[in-house]
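Enquirer: Here you go, one structure.
In my numbering, the protein residues as written are -2 to 931.
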């Protein structure tokens, strides 16, 4: 049947609205990848924030026989979050409810809640959710359930299958079910009796087949996410219990997961870790069976290749370089709720492995600084390998599982396969207690020969894992497309037939994520492989994992760094293939999404495991778009910046007067007319600030220390907004505060002319940006007598950019100076409550603790609006692309309690945007400290 996708698009748009639906070629391509090595371009992308939107999409899909793929965070590694037809993505605001039961024994979570956010909510009660995948800080609950995702500690005892209590589901035909609600189950029994009967029959059939039942129990005694969770058919008989547990690990092929209720698990209060270093893998593996039990919460096994890959890297133990070749490490963690039990556990472990010779003594430490280094070694494996791989190669992480007695032999066999197929860089590590190995290879897929080599490798891996050891081809990453061809090989025909019957019962039309888990194409795992062309050093290490998406301020507006990089890679691929016309068309049509609206905040770099910097690349990509006329304007601004800065400030004052006289409408019309003449004319709103000014300090007093204070552009350009309770500009307040603290204050005479250069850098004009920064550094060095006088800058972003010029004098941000020098010596009268922003510059400079400490010292209650990591103002970009600021702060107003009337940060332009969208005044923390020390 031929599908008319334009009809589908029109119908979806009419019922969901244009903002929720897109068939734009660039945006479809941007969403064609997940964290796997596959690429499939959808025909239509839908962002759903409500169950009703999901039901509408499914009904339209069913009416037109269109396949639908569900996507949560897209951090999965096996290709299950991409697909043809409609790609239905969890929106950026819905499905985020978190409800903890009164007894704290269960937690109900919306599909889009991030795993670590659920644990953060449970932390005060020493509870957590059971599943603990390595992607916990990015993965969403629906995806974690759909993949039965797990990690280092949960094993097979605390994964989603074991800890799920109930779920709210939407089936392919739009039918809803809450497996925890008697009324919902009664209604479902009336509307879907055949589905329930079919599941009961399958369970009865399986339980009556002793051989098959025994096979299923054996396979699930170790980690296994190959195929469906058919252990439900032997564990349960009630059809609603069957649905509850078959959904786990179903990868979006059976129903949409709307909400999940988990049984919570204990979070131990005391922890200790040890590195047991063995002379070979066999000895390390032999230490695993005796330590399995209550004493050990986690045990991670690292082979020699893993050890070599991290040796000599920053933060790694120095003694790694002295280990003999062939060594292996078992990283062991014990956890308990009291110190006495923890000691008992650690002693038990040491006793149980005492008979095995180790390269160095095995000693447990309960010092977070010590065991933190141990676990940094384990968590550093992936980013180190990913970051060190040759350009143009991919990173593939596969996970398999064996019974623990086979681990050493299986590791040797895997290593042999690495070398046989030309992947000598391959490393093995994993969750030893669960018999779970991860292995990483970095193949290239530039030619069919490369793909054939990978195919041969996977065939040999399957032969080894399945036929030699009867292990799991997928332990915790989900089947997806990556091992779909091996499901029947692993399970046998009887179990595979069961899986097909399960799919037929839930999704008779086969529209939900077709081709995932069950696929008759034996080569599906080597089709639709995404290329990895070289784009730029700033992003070539990108593995498209999606860790950046949680922090990116433009994710809800259009793209995250992952999507921007995917598009840039496709443009590069088109150019390399010789299709210059297609490349040029894509470059032009993607400019707004990829280049113009990137905030360049670099929060993606902080979140990125391989240190990509889309922000820096974006600035670089803007350079070619600067016209000759624009460059002349930028040159003029740089050369005459003192006058330009004064004119802007005066202009803001005039605009404020015009607004008072004419009102909102006329003022807005004037600014609109101005933008038709020049794109340098900003967008206007009623919260627009007055112009700023630079105040001269008092005459110096003898015997007092001196500080050189540089008022950055933001504070001297943007004065108070109409919502601000204080009519003073930032320089006035800072000088008052410093002088009250007993300092003589000096400022550069040519302050208006000085700038860190960010204004030019954000446009891609690096020549003027760096020249202005160098001019500022030279001035500060001279006036501070080469550092004899402390240098303080009053804007975090300005301080950060100044420091990138490697000044020879120490430059402090005002936040640091207030925290380190002023707080200890000043008497503070606390205020009631405030809200605090901890934005991108604070995070890049790691100054969040000092921001928090100042706020805590001055107020009784500090509110941190959840999920507001960057305001999206992006220097002065908020003046010209206000939609970035609006999108980044779209939820801030509802996150601030009604009784909170004041907000604080330490960057004036950010504060202007925060003020406008929050509805309350945001100012520099200096205002707060000044008021509280009067």
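From the three backbone atoms N, C-alpha and C, an ideal C-beta is built for every residue, glycine too.
Mapping the DSSP letters down to three states, classify residue 921 as helix, strand or coil.
Expert: If DSSP states are grouped into helix, strand and coil, residue 921 belongs with the strands.
Enquirer: Determine contact between the segment 703 to 712 and the segment 724 to 735, defined as no fewer than three beta-carbon pairs at a distance below 8 Å.
Expert: Touching, yes.
Enquirer: Please go through the segment 226 to 302 and give each complete alpha helix (DSSP H) segment of 4 or more residues, from N-terminal end onward.
Expert: With a minimum length of 4 residues, the continuous alpha helix (DSSP H) runs that stay inside the segment 226 to 302 are 229 to 232, 236 to 243, 278 to 283 and 285 to 288.
Enquirer: With distance defined between alpha-carbon atoms, name the residue in 428, 134, 109 and 914 nearest to residue 398.
Expert: If we check each option's Cα against that of residue 398, 428 comes out closest.
Enquirer: Is it the case that the Cβ atoms of residue 153 and residue 431 are separated by a distance below 8 Å?
Expert: Yes, the Cβ-Cβ distance between residue 153 and residue 431 is below 8 Å.
Enquirer: Is the segment 431 to 449 close to the segment 371 to 387, with three or more CB pairs under 8 Å?
Expert: Yes, they touch.
Enquirer: By the 10 Å Cβ neighbour count, where 16 or more other Cβ atoms means buried, how is residue 218 classified, buried or exposed?
Expert: By the 10 Å Cβ count, residue 218 comes out exposed.
Enquirer: Which stretch, first to last residue, makes up the beta strand (DSSP E) that contains residue 103?
Expert: 103 to 107 is the span of the beta strand (DSSP E), which, as asked, contains residue 103.
Enquirer: For residue 70, does the count of other Cβ atoms within 10 angstroms reach 16, so buried, or fall short, so exposed?
Expert: Answer is buried; the Cβ neighbour count reaches 16.
Enquirer: Would residue 253 and residue 167 be called neighbours here (beta carbons separated by less than 8 Å)?
Expert: Result yes, Cβ atoms of residue 253 and residue 167 sit closer than 8 Å.
Enquirer: According to the neighbour-count rule (16 or more other Cβ atoms, all chains shown, within 10 Å of its Cβ), is residue 488 buried or exposed?
Expert: Looking at its Cβ environment, which holds 16 or more other Cβ atoms inside 10 Å, residue 488 is buried.
Enquirer: Determine contact between the segment 320 to 327 and the segment 285 to 305, defined as no fewer than three beta-carbon pairs at a distance below 8 Å.
Expert: A contact exists between the segment 320 to 327 and the segment 285 to 305.
Enquirer: With contact counted as at least three CB pairs below 8 Å, one residue from each stretch, are the segment 172 to 184 and the segment 216 to 233 in contact?
Expert: As far as the Cβ criterion goes, the segment 172 to 184 does not touch the segment 216 to 233, which means the pair count is below three.
Enquirer: On the criterion of 16 or more Cβ atoms from any shown chain inside 10 Å, does residue 312 qualify as buried, or is it exposed?
Expert: Answer is exposed; the Cβ neighbour count stays below 16.
Enquirer: Going straight from the alpha carbon of residue 594 to that of residue 208, what length do you get?
Expert: So the alpha carbons of these two residues sit roughly 59 Å apart.
Enquirer: My guess is that residue 914 and residue 886 are in contact by the Cβ rule of under 8 Å, so how many angstroms apart are they, rounded?
Expert: With 8 Å as the limit, residue 914 and residue 886 qualify as a contact, their Cβ atoms being about 4 Å apart.
Enquirer: Here's a check: name, in chain order, each residue in its chain whose Cβ is nearer than 7 Å to the Cβ of residue 806, leaving out the five neighbours to either side.
Expert: So the list reads 777, 778, 781, 783, 784 and 788, once near-sequence residues are dropped.
Enquirer: So if DSSP puts residue 860 in a beta bridge, which residue, or which two residues, is it bridged to?
Expert: DSSP, once it has assigned bridges, lists 832 as partnering residue 860.
Enquirer: Count the other CB atoms, across all protein chains shown, that sit within 10 Å of the CB of residue 445; report buried if there are 16 or more and exposed otherwise.
Expert: With fewer than 16 Cβ atoms within 10 Å of its Cβ, residue 445 is classed as exposed.
Enquirer: May I have the straight-line CA-CA distance separating residue 747 from residue 754, to the nearest angstrom?
Expert: So the two alpha carbons sit approximately 15 Å from each other.
Enquirer: What separation, rounded to the nearest whole angstrom, lies between the Cα atoms of residue 752 and residue 769?
Expert: Straight-line Cα distance between these residues: approximately 6 Å.
Enquirer: Helix, strand or coil: which one does DSSP assign to residue 346?
Expert: DSSP places residue 346 in helix when its eight states are reduced to three.
Enquirer: For residue 493 versus residue 502, is the C-beta spacing smaller than 8 Å?
Expert: No, these two residues do not count as a Cβ contact at 8 Å.
Enquirer: Using the rule of at least 16 other Cβ atoms within 10 Å of the residue's Cβ for burial, across every protein chain shown, is residue 229 buried or exposed?
Expert: Burial call: buried.
Enquirer: Specify, as a first and last residue, the run of the alpha helix (DSSP H) that residue 677 falls within.
Expert: Note, residue 677: premise wrong, no alpha helix (DSSP H); not H, not E.
Enquirer: Helix or strand or just coil, what does DSSP make of residue 766?
Expert: Residue state, collapsed to three classes: helix.
Enquirer: Could you please give the first and the last residue of the uninterrupted alpha helix (DSSP H) stretch that includes residue 203?
Expert: 190 to 204 is the span of the alpha helix (DSSP H), which, as asked, contains residue 203.
Enquirer: Opposite residue 96 in the DSSP bridges: which residues?
Expert: Paired residue(s): 105.
Enquirer: Buried or exposed for residue 566, please, with buried defined as at least 16 other CB atoms from any protein chain shown within 10 angstroms of its CB.
Expert: Counting Cβ neighbours within 10 Å, residue 566 comes out buried, since at least 16 surround it.
Enquirer: In the structure shown, what three-state DSSP assignment does residue 598 receive?
Expert: Note: residue 598 maps to coil in three-state DSSP.
Enquirer: Can you give me the C-alpha to C-alpha distance between residue 862 and residue 517, rounded to a whole angstrom?
Expert: One C-alpha to the other measures close to 49 Å.
Enquirer: Look up residue 629 in the DSSP assignment and say whether it is helix, strand or coil.
Expert: Of the three classes helix, strand and coil, the one that applies to residue 629 here is helix, per DSSP.
Enquirer: Using the Cβ count rule (16 or more neighbours within 10 Å means buried), how would you classify residue 248?
Expert: Per the 10 Å Cβ criterion, buried.
Enquirer: So who's on the other strand from residue 66, going by DSSP bridges?
Expert: 84.
Enquirer: Quick check: what's the CA-CA separation for residue 46 versus residue 195?
Expert: Residue 46 and residue 195: Cα-Cα distance of roughly 32 Å.
Enquirer: Between which residues of its own chain and residue 275 is the CB-CB distance below 8 Å, once the five residues before and five after are set aside?
Expert: Same-chain partners within the cutoff: 281, 284, 324, 325, 326, 327, 353, 354, 355 and 356.
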